[in-house]
Amino acid sequence: MATMIVRMRVLTEAGSRVWIAVSGTLSPATQHHIQQRLHHQAATGTREFYLDLRESRCTDAVTREHVGFLFAAVPDAHFHLIAAPDAVRDGIGTDPRFTVHPHLASAWNIWSQGD
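If you count the sequence shown from 1, you need to add 6 to reach our numbering.
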């Protein structure tokens, strides 16, 4: 069995917003770590997450249920997903808590408008 590694780095915080770069492999083996980090951020008052997923990928084992589990820890938050892998985009469906940004620029424009 291959080792799965995921890395999450907080790049900036402003009020109730946080920008996190996620790199590595999103898989059933790493989903718990991602969920814990989101839950921890929410416990400190974060309600808007900018998740830069440009350097992440999903294993074939990632299902809609896995994606739902990732974001279940923060049901009252809004998520901006930047360059999300296909499996993540498919997993969120039409959930209004998510804004999908195909490129960094559109997310940055919203972030820079501030609270």
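Don't be surprised by glycine CBs; every beta carbon is placed ideally from N, CA and C.
Report yes if the C-beta distance between Thr-36 and Val-12 is below 9 Å; otherwise report no. Here residue 36 is taken as the residue at index 30 of the sequence shown, counted from 1. Here residue 12 is taken as the residue at index 6 of the sequence shown, counted from 1. Remark: C-beta atoms of Thr-36 and Val-12 approach each other more closely than 9 Å.
Arg-23 burial status per 10 Å Cβ neighbour count (16 or more: buried): The residue given as residue 23 occupies position 17 in the sequence shown. Arg-23 comes out buried.
Taking the Cβ atom as the reference point for each residue, do His-72 and Gly-97 lie within a distance shorter than 9 Å? Here residue 72 is taken as the residue at index 66 of the sequence shown, counted from 1. Here residue 97 is taken as the residue at index 91 of the sequence shown, counted from 1. Yes.
For the alpha helix (DSSP H) containing Ala-111, list its first residue and its last residue. The sequence position of residue 111 within the sequence shown is 105, counting from 1. It spans 110–118 - the alpha helix (DSSP H) in which Ala-111 sits, taken as one unbroken run.
Quick check on DSSP: helix, strand or coil for Asp-82? If you number the sequence shown from 1, residue 82 lands on position 76. Coil.
My output table needs one value for Ser-43: the three-state DSSP class, helix, strand or coil. In the sequence shown, counting from the first residue as 1, residue 43 sits at position 37. Rather than Ser, the amino acid found at residue 43 in this sequence is Arg. The answer is helix: DSSP assigns Arg-43 an H, G or I state.
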